[in-house]
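Numbering (this note's numbering), first residue to last: 6 to 246.
Right, here's the structure in full:
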């Protein structure tokens, strides 16, 4: 999750209850995780005579392999996606360790209910992590929102000039071809001054200015392949914000 959680990220624009256009990133990743469980021998019919059975006192337990679907789906609107996914990955990993400990303890203390106890604990823990993330998102200010100066990058299209120049989600473009830009329209007008070349001044994630530049070719996206954040008119305000 920590390494591959950012592979499927979908940007979207929404309107807060205050009428402000804000951006959000939807992340979704799933993995199939093989998991071994100890079940009382009488709880299932063993497929083979040689199937391993572990004895504990008068009870016997069979080792059963079950595939579990592990993953997450969350909306990020108050911080950079890398930080959010990394934190969620660590939380899920920590929960997994706790579930493992609970499962081992349950085998010895509540052998007949070990599987149920472990599953319920895992479900409650996962719901709690989702709840904590949602509360965090609702209580913190929007990160992907219009700025007083410059235009923020919400996302860049694959294989676009913006991607080739190294523009990243959350960066703010201050100037384009030495012209200050504060909207998508101003960005387009500045690009029109030179159809063959583009030079941008960008505030990066550390709020430091860096220069990105590159040649433009026939057929390239007319706005460099950038999804901007600026105030727009939508239908109904979003319920969060």
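The beta carbon of each residue, even a glycine, is placed where N, CA and C say it ideally should be. These figures come from a predicted structure and were not determined experimentally.
Point to revise | Pairwise C-alpha distance: residue 14 and residue 163 | key: 12 Å
Point to revise | Nearest neighbour of residue 233, chosen from 155, 113, 118, 77 [CA to CA] | key: 155
Check your understanding: Expressed to the nearest angstrom, what Euclidean distance is found between the alpha-carbon atoms of residue 170 and residue 110?
Key -> 53 Å
Exercise for review: Please classify residue 127: does DSSP put it in a helix, a strand, or coil?
Suggested key: helix
Point to revise | Alpha carbon of residue 193 to alpha carbon of residue 179, nearest angstrom | key: Approximately 13 Å, taken between the alpha carbons.
Review point. Alpha carbon to alpha carbon, what distance is there between residue 26 and residue 152?
Key: For residue 152 and residue 26, the distance between alpha carbons rounds to 11 Å.
**Study point:** Proximity of residue 167 and residue 216 at Cβ, strictly below 7 Å
**Key:** no
Point to revise | residue 176 at chain B interface by Cβ criterion, 7 Å | key: The structure shown contains no chain B; it is built from a single protein chain.
Review point. Which residues mark the beginning and the end of the beta strand (DSSP E) in which residue 219 is found?
Key: 214-220
Practice item. Check whether the segment 79-86 touches the segment 27-35, counting contact only when three or more Cβ pairs, one atom from each stretch, lie closer than 8 Å. Key: yes
Check your understanding: Taking the Cβ atom as the reference point for each residue, do residue 16 and residue 159 lie within a distance shorter than 7 Å?
Key -> yes
Practice item. With DSSP collapsed to three states, give me the class of residue 204. Key: strand
**Study point:** Contacts around residue 213, its chain only, beta-carbon distance under 8 Å, and the 5 residues preceding and following it disregarded
**Key:** By the criterion of a C-beta distance shorter than 8 Å, residue 213 is surrounded by no residue of its chain, once the five residues flanking it on both sides are discounted.
Practice item. Output the distance between the C-alpha atoms of residue 202 and residue 219, rounded to the nearest integer angstrom. Key: 6 Å
Check your understanding: With a CB to CB cut of under 7 Å and the five nearest residues on each side skipped, what residues in its chain are close to residue 209?
Key -> 176, 215
Exercise for review: Please list, in chain order, all residues of the same chain as residue 150 whose beta carbon is under 8 Å from its beta carbon, the five residues on each side excluded.
Suggested key: Same-chain partners within the cutoff: 25, 26, 27, 28, 157, 234.
Exercise for review: Please state whether DSSP places residue 162 in a helix, a strand or coil.
Suggested key: coil
Check your understanding: Residues in its own chain within less than 6 Å of residue 100 by CB, not counting five upstream and five downstream?
Key -> 130
Review point. Cα separation between residue 197 and residue 186?
Key: 13 Å
Check your understanding: Do you know whose CA, among 229, 188, 134, 107, lies nearest residue 123's CA?
Key -> Minimum Cα distance to residue 123 is reached at 107.
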